[in-house]
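Structure record follows, encoded as structure tokens.
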Amino acid sequence: MTLVALFAAACGGVRAAESTVVATYGAQTLRFTHVESSPGGLAIGVSDPAFADLLRATGAVMTWKPGERYVLITTAVPVVVSFAVGDRRYDVGPVALQASFAPYQSGSDVYLPFDEVLRSLNLALRRDATGTVLQPQLASIDVQTFGDRVALVAHAGAPLRPRVLTDTPVAITYEFDGVGTTLVGTRPINGGGVRNIQITQSGTARDPKTLVTVSLLPGAQHDAPRSNDDRDVVLGFSGSGAPPGPVAVATPVPAMQATYIPPDPNAPPGQQPAAAAPSGPALVTGVMAQPSQTGTSVTIAVTGNATYTWHRLRDPDNRFWVDIAGAQLSGPPIDQTQPDPLISIRVRQVDPNTVRVAISLAGQKQLDVSPSATGLSIDVGRDEVADALREGSGSIGSTVSANDNAAPVTPAPLGGDQTGDSTWKFGPSGSGSTYVPRNPRLIVIDPGHGGSDVGAARAGLTEAGLTLDMSKRLRDILIARGWQVRMTRDTDVDVYQPNDTAHEELQARDDIANNAGARLLISIHVNSFINSGPYGTTTYIAKPGDVALAKVLRQHLSSDLGTKDDGIIKSHLYVVLHALMPAALIETAFLSNPSDLSMLESSAWRQKVAQAIADGIDDYTREYPAATQGGQ
Amino acid sequence: MRTSRLVVLILLLAVVAAGTWFFLSRRGGGDTGNLTVYYTKIDGTTLGTLSVSLRPPEAGESAAEHQHNVALYAAVEAVAGPPSDVQAIRFPSGTRVGNVTVSGSTVTVDLAGNVAAQPGGSFGENGEFKGLVYTLTGLPGIDAVAITIGGKTVPSLPGGHLELDEPLKRTDW
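Here it is, written out as structure tokens:
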């Protein structure tokens, strides 16, 4: 009996009868009917209709199906809150917490600890004489220190609209209407002009107010409150008072991953002389990545004598690898993701005598390889370089030497797998690199979208209209230069048929180019995003044979248009992937960015786009004659 | 005879005690590792990461169930993306993970909700799916991600650019 009770407690505790909770949330009255009392508090059934209403009202999304153990709630922040049946642990993004009781199964429903669910939504149940209220909470204030500046970032479960209640040289008080808090108290800061912050709550359960009083050091200054989104507010301060001292009032902000690969503690880089190395093959004992002033420094610890060769590929495939010959890896293979300017590091024993360290770079980064008696140091800068060295070699150990070659000798991996960690995808229509056009004088121009699909739209402009305009201008230039041109559309129509599927529409465009045996396919588009931040011109490719074309086009676009050069991006774009011939999709500018929009509105600028693409086509076809086009 | 019964009883009790200890110790938590969630930065191409911890397999949870649960978690995290104060390319607000299935080395992610409410342009789509694919192919034994929308295979999103009717791999980027 005792054992049964123990198991019952471990599996979620003893439950009482169901009850109903009626609570108001803003103007809504929510009647929660799947509520049970547990020893640890109230439990809410995930199938409760009012619970679904609450999630919807807060902008949260739940992922759960009957029979599944996990209940995942994505909040509006967004952060994923993960509950598991039978486990008191729940995760709020990267933070693992303990709930007052474990979620449990009851019939086909899963019951969650209600308080913890509400807390993750930055809400709390509050009662007053008139009933129960779901009160938005000022859930946290993060203190972020930047030199002599401090930012207090307040997060809440409702839009925050602070107002300055009092403002004196020694203190400033902000009032947050409509939110309560459990953060009441005083926290020392002593930095960025801020002595401390005091948090108090007033008002009622239905009309709460949270007051944040910031005590200032002499000479402190403060900015007007600003918001990244409606649910947080940044209060900025600066001053020359006491030394900054960050104090975390709450901890919900997930940190960026700061991973590193620890070296073998028995052989720290730089501390074990080569003379102490054992005879026989050298050992690669550790690989460590650390932030440096200029970017990231990767240290490869090697004991013993070895030679190395390194290579890097050409942009946009920014992979680097170094092979250490006559060496063995002393530990297991390593796979690590890394922050900018790296993407990842992989370490492998690629053959019995060679250890390979492969680094994916976040761009064509400055990179220096330096051998020493105890290994290799690879300094990766944050800056991009135009003409990076492509290969080098040298020796490590008792004889240290380096020979880096300036000549770009390493070709882009057209279908090859030179680092052993990935290959280019060849689309079902072929690579484009061995394509022989039936009509080498024919260029197919594809104005993106059209007809029932306007594409992006902003300020009275549509992507379909803009791409058609630029395509016609390009057509006219190319024809004047002696090219044959076919447009996938030359009016505002669907290429396949109105309201067709994306597949039919995109394949129809490829069919025109493929069936005609065209030399090139150029698809012209206009980019867009949900905010005005991104801007610039991007050339998208999908297969190896597109690379050379894209590089030449990019060269002209970046120098002629006056937009930001967003480079070449390889992606899985249908229209490029299924073109038999070298193809590129050019996102000329962002309709969603005011600066780019003003250019798109200019017919002179659209003419420049056409001119730049035409010049690129001419250069490419001169450099890569039809018989060998697609080469590097 | 009586002694042998006692020995059997002690052995049985020992087995029960060991089983109970094993069961309860596995319930207690402790990480089996971290899940790396990738997102595409606002430059449209480079990846950022955030790390969330993974639960250990629960008692009675088979390896296949655990793999499915981890894949589901990974997909939901990837679709959610980083907190809003991190500049990132995100799936449209209201995009949901309807279901996840694992078959061999391929995860099929069924997306629902507002996933089709794309802003237009290749920028968003490219970044959204790149982060999702990198996240899921970071799981042990997974090298491809098939996408369905509302339970159906689609060649691409309406008015979209990316081909979605065959599994996506890291090498597609």
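These protein sequences, in sequence, are chains P and C. Read in order, the letters of the first sequence correspond to residues 1 to 632 in my numbering. Read in order, the letters of the second sequence correspond to residues 1001 to 1173 in my numbering. Where is the CB? At the ideal position from N, CA and C, for every residue including glycine.
Whole-Å CB distance - residue i paired with residue j, under 8 Å assumed
{"i": "residue 365 of chain P", "j": "residue 295 of chain P", "result": "7 Å"}
{"i": "residue 24 of chain P", "j": "residue 131 of chain P", "result": "7 Å"}
{"i": "residue 586 of chain P", "j": "residue 520 of chain P", "result": "The pair is not a contact, with the Cβ atoms about 12 Å apart (cut-off 8 Å)."}
{"i": "residue 1053 of chain C", "j": "residue 232 of chain P", "result": "Residue 1053 of chain C to residue 232 of chain P, Cβ: 24 Å. No contact."}
{"i": "residue 464 of chain P", "j": "residue 482 of chain P", "result": "That belief does not hold up - the Cβ atoms of residue 464 of chain P and residue 482 of chain P are roughly 29 Å apart, past 8 Å."}
{"i": "residue 552 of chain P", "j": "residue 446 of chain P", "result": "Actually they are not in contact, since the Cβ atoms of residue 552 of chain P and residue 446 of chain P sit about 18 Å apart, beyond 8 Å."}
{"i": "residue 210 of chain P", "j": "residue 176 of chain P", "result": "4 Å"}
{"i": "residue 284 of chain P", "j": "residue 329 of chain P", "result": "5 Å"}
Nearest-angstrom Cα separation, counted from residue j out to residue i
{"i": "residue 282 of chain P", "j": "residue 303 of chain P", "result": "5 Å"}
{"i": "residue 380 of chain P", "j": "residue 371 of chain P", "result": "15 Å"}
{"i": "residue 83 of chain P", "j": "residue 352 of chain P", "result": "46 Å"}
{"i": "residue 591 of chain P", "j": "residue 539 of chain P", "result": "16 Å"}
{"i": "residue 1141 of chain C", "j": "residue 1082 of chain C", "result": "25 Å"}
{"i": "residue 225 of chain P", "j": "residue 369 of chain P", "result": "46 Å"}
{"i": "residue 342 of chain P", "j": "residue 367 of chain P", "result": "11 Å"}
{"i": "residue 1123 of chain C", "j": "residue 219 of chain P", "result": "46 Å"}
{"i": "residue 333 of chain P", "j": "residue 359 of chain P", "result": "14 Å"}
{"i": "residue 608 of chain P", "j": "residue 1162 of chain C", "result": "28 Å"}
{"i": "residue 215 of chain P", "j": "residue 223 of chain P", "result": "15 Å"}
{"i": "residue 468 of chain P", "j": "residue 350 of chain P", "result": "51 Å"}
{"i": "residue 38 of chain P", "j": "residue 141 of chain P", "result": "31 Å"}
{"i": "residue 1145 of chain C", "j": "residue 1069 of chain C", "result": "15 Å"}
{"i": "residue 273 of chain P", "j": "residue 532 of chain P", "result": "Only weak support exists for where residue 273 of chain P lies, its pLDDT of 33 falling under 50; the value from the coordinates is given anyway. Straight-line Cα distance between these residues: approximately 55 Å."}
{"i": "residue 1044 of chain C", "j": "residue 529 of chain P", "result": "11 Å"}
{"i": "residue 239 of chain P", "j": "residue 190 of chain P", "result": "10 Å"}
{"i": "residue 549 of chain P", "j": "residue 448 of chain P", "result": "19 Å"}
{"i": "residue 377 of chain P", "j": "residue 569 of chain P", "result": "30 Å"}
{"i": "residue 150 of chain P", "j": "residue 172 of chain P", "result": "14 Å"}
{"i": "residue 1114 of chain C", "j": "residue 1094 of chain C", "result": "5 Å"}
{"i": "residue 621 of chain P", "j": "residue 542 of chain P", "result": "19 Å"}
{"i": "residue 1034 of chain C", "j": "residue 1051 of chain C", "result": "6 Å"}
{"i": "residue 86 of chain P", "j": "residue 1100 of chain C", "result": "22 Å"}
{"i": "residue 47 of chain P", "j": "residue 567 of chain P", "result": "48 Å"}
{"i": "residue 145 of chain P", "j": "residue 199 of chain P", "result": "19 Å"}
Assigned secondary structure, residue i (DSSP; H/G/I helix, E/B strand, else coil)
{"i": "residue 1061 of chain C", "result": "coil"}
{"i": "residue 334 of chain P", "result": "strand"}
{"i": "residue 443 of chain P", "result": "strand"}
{"i": "residue 108 of chain P", "result": "coil"}
{"i": "residue 465 of chain P", "result": "helix"}
{"i": "residue 1077 of chain C", "result": "helix"}
{"i": "residue 600 of chain P", "result": "helix"}
{"i": "residue 437 of chain P", "result": "coil"}
{"i": "residue 559 of chain P", "result": "helix"}
{"i": "residue 78 of chain P", "result": "coil"}
{"i": "residue 171 of chain P", "result": "strand"}
{"i": "residue 1042 of chain C", "result": "coil"}
{"i": "residue 1172 of chain C", "result": "helix"}
{"i": "residue 70 of chain P", "result": "strand"}
Start-to-end residues for the alpha helix (DSSP H) that takes in residue i
{"i": "residue 540 of chain P", "result": "No alpha helix (DSSP H) contains residue 540 of chain P, which is instead part of the beta strand (DSSP E) from 537–541."}
{"i": "residue 590 of chain P", "result": "From DSSP, residue 590 of chain P is part of no alpha helix (DSSP H) but of the beta strand (DSSP E) over 583–590."}
{"i": "residue 286 of chain P", "result": "Careful: residue 286 of chain P lies outside any alpha helix (DSSP H), inside the beta strand (DSSP E) at 282–291."}
{"i": "residue 163 of chain P", "result": "Where residue 163 of chain P is concerned, there is no enclosing alpha helix (DSSP H), although the beta strand (DSSP E) it sits in stretches over 162–167."}
{"i": "residue 510 of chain P", "result": "502–516"}
{"i": "residue 226 of chain P", "result": "Premise fails: residue 226 of chain P is in no alpha helix (DSSP H) and is neither H nor E."}
{"i": "residue 1144 of chain C", "result": "It is not in any alpha helix (DSSP H) - residue 1144 of chain C instead sits in the beta strand (DSSP E) that spans 1144–1149."}
{"i": "residue 1124 of chain C", "result": "1122–1136"}
{"i": "residue 100 of chain P", "result": "Careful: residue 100 of chain P lies outside any alpha helix (DSSP H) and carries neither H nor E."}
{"i": "residue 301 of chain P", "result": "Looking at the DSSP string, residue 301 of chain P is not in any alpha helix (DSSP H); the run it does join, the beta strand (DSSP E), is 295–303."}
{"i": "residue 51 of chain P", "result": "49–58"}
Terminal residues of the beta strand (DSSP E) in which residue i lies
{"i": "residue 310 of chain P", "result": "306–312"}
{"i": "residue 605 of chain P", "result": "That residue, residue 605 of chain P, is in no beta strand (DSSP E); its alpha helix (DSSP H) goes 603–623."}
{"i": "residue 201 of chain P", "result": "194–203"}
{"i": "residue 1047 of chain C", "result": "1047–1054"}
{"i": "residue 144 of chain P", "result": "138–146"}
{"i": "residue 188 of chain P", "result": "185–191"}
{"i": "residue 217 of chain P", "result": "Counting along the chain, residue 217 of chain P falls outside any beta strand (DSSP E), and DSSP gives it neither H nor E."}
Residues that residue i contacts on chain D, provided the C-beta gap is smaller than 9 Å
{"i": "residue 69 of chain P", "result": "Judged by its chain identifiers, the structure shown contains no chain D, and its protein chains are P and C."}
Looking at C-beta atoms only, is the number of pairs between the region 487–496 of chain P and the region 541–557 of chain P that lie closer than 8 Å three or more?
no
Is the number of C-beta pairs between the region 534–552 of chain P and the region 454–470 of chain P that are closer than 8 Å three or more?
no
Count Cβ pairs between the region 1148–1163 of chain C and the region 501–508 of chain P that sit closer than 8 Å; are there 3 or more?
yes
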